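Here the structure comes first, spelled out in structure tokens, and everything after it is commentary.
In this note's numbering, the protein residues as written are 345 to 532.
Structure, rendered in structure tokens:
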């Protein structure tokens with residue numbers, strides 16, 4: 345853990361969503377980053393938040409305006425689901441993002457990965473957001489073998505426990521930049 349977080353402190357990319365713990369902004373980044381490269385998301389994230397600075401702004405906007413702002417990111421269903429999530433948070437939780445796994449999973453458009461990403465990156469809870477890249481890091485660098493999803497999740501959760509935000513970000517960075525699918529350099 346210390347080696348990983350030390351590497352991240354020196355080598356981690358400066359990304360706008362890493363400067364916030366605000367749940368709405370974390371949610372926007374996580375939805376945008378699904379199946380879209382970071383380089384494309386950075387300018388879109390900034391522009392999207394300028395147009396819809398709060399969860400309530402997005403919830404109350406016409407869907408056509410949301411889709412217009414989403415242009416260039418692809419998979420428009422993500423934008424529609426993001427707005428549905430924000431509307432549900434306003435209706436069910438008074439506009440405040442819930443901070444429990446069960447409540448997050450109950451929201452439209454929120455799956456296990458996104459719920460855990462919100463928990464760790466917005467609320468700094470000791471859970472890991474395990475998706476393809478992080479799962480690859482856990483299997484290759486920590487276990488040294490393929491492992492089923494539940495085992496990868498448990499190992500990652502145990503790793504992030506003392507320092508959730510930094511360790512989870514470091515795992516993501518390692519998976520995206522070093523422990524890649526084509527040219528793995530996990531131990532470097």
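Cβ atoms here follow ideal geometry from the backbone N, Cα and C, with glycine treated the same way.
All figures in this text were calculated on a predicted structure; none of them were measured in a lab.
A distance below 9 Å separates the beta carbons of residue 374 and residue 457.
Taking every protein chain shown into account, the CB of residue 440 has fewer than 16 other CB atoms within 10 angstroms, so this residue is exposed. Burial state of residue 408 is exposed, judged by a 10 Å Cβ sphere holding fewer than 16 other Cβ atoms.
Between the segment 404-420 and the segment 444-459, the count of C-beta pairs closer than 8 Å stays below three; the two stretches do not touch.
The beta carbons of residue 474 and residue 493 sit closer together than 9 Å. Within the DSSP secondary-structure output, residue 523 pairs in a beta bridge with 528. Sorting 369, 386, 380 and 368 by C-alpha distance to the C-alpha of residue 357 places 386 at the top. For the pair residue 487 and residue 476, the CB atoms are not nearer than the 9 Å cut-off.
Annotated as proximal: residue 472 and residue 511, with beta-carbon spacing under 9 Å.
A Cβ-Cβ distance of about 7 Å is found for the pair residue 380 and residue 418, placing them in contact under the 8 Å criterion.
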